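Residues 625 to 1435 in the numbering used here are what the sequence shown spells out, letter by letter.
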Amino acid sequence: MAAGQKLGNCRRQVIFLCFLLGSLWETGARKIFYSVPEEMEKGSFVGDIAKDLGLEPRELSERGARIVSRGRTQPFALNIRRGSLVTADRVDREELCGQSAQCMVGCELLVEDRMDLYSIEVEIKDINDNTPRFQAEELDVKINENAAQGARFGLPSARDADVGVNSLHNYQLSPSNHFSLFVPTGDDGAKYPELVLEQALDREKEPLYHLTLVASDGGDPALSGTVRIRVIVLDSNDNAPVFTQSSYHVSVPENVPVGTVLLRVNATDRDEGFNGEVTYSFQNLKRPVSDIFYLDSHKGEIVTKQSLDYEKTKLYELEIQANDGPGLSGRAKVVVKVEDVNDNAPELTVTSFTSSVPENSPPGTVVALFNLHDRDSGENGYVICSISADLPFKLQRSLNSYQRLVTEGVLDREQVSEYNITVTASDQGTPPLFTITQLSLRITDINDNPPSFNQTSYSVYILENNPRGSSIYSMTARDPDSEENSHITYSIEGDIQRDYVSINSETGVLYALQSFDYELFQDLQLRVIARDSGAPSLSSNVSLTLFILDQNDNAPEILYPTFPTDGSTGVELAPRSAEPGYLVTKVVAVDRDSGQNAWLSYSLLKVTELGLFSVGLHTGEVRTARTFVDKDSLKQKLVVAVTDNGEPSLSTTVSITVAVADSIPEIFSDLSNLETPKSSDDSSLTFYLVFALAAVSCLFFIFIIVLLTFRLCQWRTSRLLETTNDYVGGVPDTQFAGIDGVRAFLQTYSHQVSLSTDSPKSQFIFPQPNYADTFPSIQSCDKKEPLSSVRDLQDCKDEESAFVQVSLTLS
625 MAAGQKLGNC
635 RRQVIFLCFL
645 LGSLWETGAR
655 KIFYSVPEEM
665 EKGSFVGDIA
675 KDLGLEPREL
685 SERGARIVSR
695 GRTQPFALNI
705 RRGSLVTADR
715 VDREELCGQS
725 AQCMVGCELL
735 VEDRMDLYSI
745 EVEIKDINDN
755 TPRFQAEELD
765 VKINENAAQG
775 ARFGLPSARD
785 ADVGVNSLHN
795 YQLSPSNHFS
805 LFVPTGDDGA
815 KYPELVLEQA
825 LDREKEPLYH
835 LTLVASDGGD
845 PALSGTVRIR
855 VIVLDSNDNA
865 PVFTQSSYHV
875 SVPENVPVGT
885 VLLRVNATDR
895 DEGFNGEVTY
905 SFQNLKRPVS
915 DIFYLDSHKG
925 EIVTKQSLDY
935 EKTKLYELEI
945 QANDGPGLSG
955 RAKVVVKVED
965 VNDNAPELTV
975 TSFTSSVPEN
985 SPPGTVVALF
995 NLHDRDSGEN
1005 GYVICSISAD
1015 LPFKLQRSLN
1025 SYQRLVTEGV
1035 LDREQVSEYN
1045 ITVTASDQGT
1055 PPLFTITQLS
1065 LRITDINDNP
1075 PSFNQTSYSV
1085 YILENNPRGS
1095 SIYSMTARDP
1105 DSEENSHITY
1115 SIEGDIQRDY
1125 VSINSETGVL
1135 YALQSFDYEL
1145 FQDLQLRVIA
1155 RDSGAPSLSS
1165 NVSLTLFILD
1175 QNDNAPEILY
1185 PTFPTDGSTG
1195 VELAPRSAEP
1205 GYLVTKVVAV
1215 DRDSGQNAWL
1225 SYSLLKVTEL
1235 GLFSVGLHTG
1245 EVRTARTFVD
1255 KDSLKQKLVV
1265 AVTDNGEPSL
1275 STTVSITVAV
1285 ADSIPEIFSD
1295 LSNLETPKSS
1305 DDSSLTFYLV
1315 FALAAVSCLF
1325 FIFIIVLLTF
1335 RLCQWRTSRL
1345 LETTNDYVGG
1355 VPDTQFAGID
1365 GVRAFLQTYS
1375 HQVSLSTDSP
1385 KSQFIFPQPN
1395 YADTFPSIQS
1405 CDKKEPLSSV
1415 RDLQDCKDEE
1425 SAFVQVSLTL
1435 S
């Protein structure tokens, strides 16, 4: 195991040398973040684009920098003259982001000459510019005067378009001896005001109260909205109805027509509103008296429902009760005296009656047999029998005075399950008399309707990681048949689906046989069959789609940096001369969840030196926050936490070791301190060290050759410049930049490697990161002013040490 660790460390040293060369060729995009309050006027300053890009304001115009629109009105614009990002119009956070807790507006900056694209994110911060508002300015609350003390009555909630501390904060009620305010907080965090009754009410003393409800937000200064509340005290029922007479008497002939109003009773109630509404009803009324008289519950009118027969009953005593809304009552007696006339109504006798017939009975099925008789003779004894014309029945004359009631047409129990058939028998007298008989016929069911679902298909949404055996949905089918014909059993079609879901055959409740995993599959197609218990049974089916919803059950996974599994430590490198913002490394992580559960944020959990490094919240880029000082350790250990946006959130940490050094010997010295304990096997280490030293030597000779070539070109160019009066032409300034004959294409990023001739050893120097599209200008020997001519450069060559800068770039 120790030998493997030693071999892994040697390999990382070789990889680092390759990374040292390859890092000079890498370029990347940059994200810029600003934060501004809302409601800023048009043209307000947002951020210094030129400064953040390391450019001069004029360079933005020269390079054709512009804001790229995303197909909608862009709230920001670029001030080319000042090199800053400004507002294109007044910014309204509520219009852009609504009630979102965080409002981020993005745009892109395009530098045309090199087609470089920069992402700009602007956070719009909320200000307290919206007042809490109620839906209405006035509200009526009705409370009964006998309401119990402590009773609560809901009040309308206010709405505030702002978020956070600027949103709705509290409610206040105007002072009152009878009422107070209670404001509970719901599960969603919203506050719902309730009016609490503190003292008993008396409508006779004070029927109306005026209150004011004030809603305030938490801004500074706080804004508020009001609603006027009018409390109306309702009357309680403390008076019973009273009839105008304790008893009523009326006399009618026995041949009075059916529907004749015999009498109208009247009762009054001194209460108001619902408490004073009086309705009438018969009390202790039995058949056949109830079949003869009808009482209008609102008008108090007593109406005949059947013919009166003096021969049967000469006197009727009816008891009528008057009830108000809540239930108080008063009673009166009504005496109906029947006056005799010389007539007899026809007699209708039901000889045979079938109370039920199946719905598939053919037309002509006999339902009932009637016998008709009238004690009168002649025309007065001739009886005619009839039924309603809109019923699927008809009457057929039979032997002598008998008639049959038979079916006519098709019966459908699902349309009409029971018929109340009124059979009327009337004579031919003047005036004619008649008899009415009511028949109730029940239609029995046959299994002629299959079960049916309310929808053609169903969609169910289920959170993953559900408990095994839990109920996930309830399927319900309807069968218009009855009894066994409507008894439905449920089943699922397909063997694969049965492995995941089962259904209760009686209730239709679906149960999960397994815990679903969104990362394995996102939906499940089922077909549910509903079958009745008829003979033969009928069935129908419907498709059911189970959509699995994601939960935050996967922690972020670190893709980079990846370290060996043998316990050794990975190393990232940073030059001691790095300026603030120097990109040290980038943590790359993924989350197998989806949606906001996979939104990742990065933060520093532990550092060796506080304030030395920072990590991009959303990019994961680890950059220097300040310059290195002598007291900073050459080995910096960082712990970066990667957290997702789930609820609850999950996180993963990664440890990063950063070696700080300006030269290769320092780097090797630092790396050797990070090695694991030595083992007896040194042959492999010697091989890799020899290989590394050979690579460094080759690199040194390459730079010597390049240095000599550049020096020769400098000398030749200086001679040419002297003969041409320091004039250089033929190449546009926007395409090349050169000093003393050394020219290179403009690039976005450049790394400088400096070689000093007065040092016995070659020394590699890590430069400051340069994000401009130009080379750094050569400084004079005293570092006061840039060199303006070849002659000035020649003067600097006389110093003991000459410092030559070579820029290697790759677009």
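Where a beta carbon is used, it is the ideal one built from N, C-alpha and C, also for glycine. Here the structure is a predicted model, which is why all the values come from computation and not from measurement.
The shortest CA-to-CA distance from V715 to any of D1072, F669, D1286 and D1014 is the one to F669.
Here DSSP, grouped into helix, strand and coil, assigns V1314 to helix.
Here the alpha carbons of F867 and T892 stand approximately 6 Å from one another. For a cut-off of 8 Å, the C-beta gap from A1316 to T1276 is around 34 Å, too long to register as a contact. For C721, the enclosing alpha helix (DSSP H) covers residues R717 to C721. In the three-state reduction of the DSSP assignment, T1248 falls in the strand class.
In the displayed model, E822 falls within coil according to three-state DSSP, outside both helix and strand. Distance from the Cα of G730 is smallest, within the candidate group E747, Q723 and M739, for E747. For the 8 Å CB-CB criterion, V1208 and R1247 form a contact. Annotated three-state conformation of R783 is strand, per DSSP. Taken through DSSP and simplified to helix, strand or coil, S791 comes out as coil. Counting along the chain, I1153 sits inside the beta strand (DSSP E) bounded by residues D1147 to D1156. The Cβ atoms of T1068 and R1037 sit closer than 8 Å to each other. Counted as a single uninterrupted DSSP element, the stretch harbouring K938 is not any beta strand (DSSP E), since DSSP gives it neither H nor E.
For the options K938, Q759, A1136 and S1321, the alpha carbon positioned closest to that of S1094 is the one of A1136. In the three-state reduction of the DSSP assignment, P881 falls in the coil class, being assigned neither a helical nor a strand state. Counting C-beta pairs with one atom in each stretch, the stretch 1263-1270 and the stretch 1224-1243 have three or more that are closer than 8 Å, which means they touch. In the three-state DSSP reduction, K1230 falls in the strand class (E or B). D1105 and N984 have their C-alpha atoms roughly 13 Å apart. D1177 and S1157 have their C-alpha atoms some 45 Å from each other. Apart from sequence neighbours up to five positions away, the residues of its chain that approach Q1175 with a beta-carbon distance below 6 Å are L1087, E1088 and N1089, ordered along the chain. Around the C-beta of C1322, fewer than 16 other C-beta atoms lie within 10 Å, and the residue is accordingly described as exposed. Annotation: the continuous alpha helix (DSSP H) that includes D676 extends over I673 to L677. Around the beta carbon of D844, fewer than 16 other beta carbons lie within 10 angstroms, which makes this residue exposed. In its chain, beyond the 5 residues on either side, E1117, N1165 and S1167 have a beta carbon closer than 6 Å to the beta carbon of R1151. Taking the Cβ atoms as the reference, G924 lies roughly 28 Å from V965, outside the contact range of under 8 Å.
Taken through DSSP and simplified to helix, strand or coil, G897 comes out as helix. The alpha-carbon of K1230 is positioned some 13 Å away from that of V1282. CA-to-CA, the gap between V962 and A1049 works out to about 22 Å.
Bridge partners of A1213 according to DSSP: I1182. With contacts defined as CB atoms closer than 8 Å, Q1027 and F1077 fail to qualify as a contacting pair.
Take the alpha-carbon of R687 and the one of A1202: they are about 27 Å apart. Around L887, the same chain offers Y872, V874, E925, I926, V958 and V960 as residues with beta carbons nearer than 8 Å, after the five sequence neighbours per side are excluded. The C-beta distance from R854 to E941 rounds to 51 Å, too long to fall under 8 Å, and the pair is not in contact. Around the beta carbon of E830, a 10 Å sphere encloses fewer than 16 other beta carbons of the protein chains shown; the residue is thus reported as exposed. Assignment of T1333 by DSSP, reduced to helix, strand and coil, places it in the helix class.
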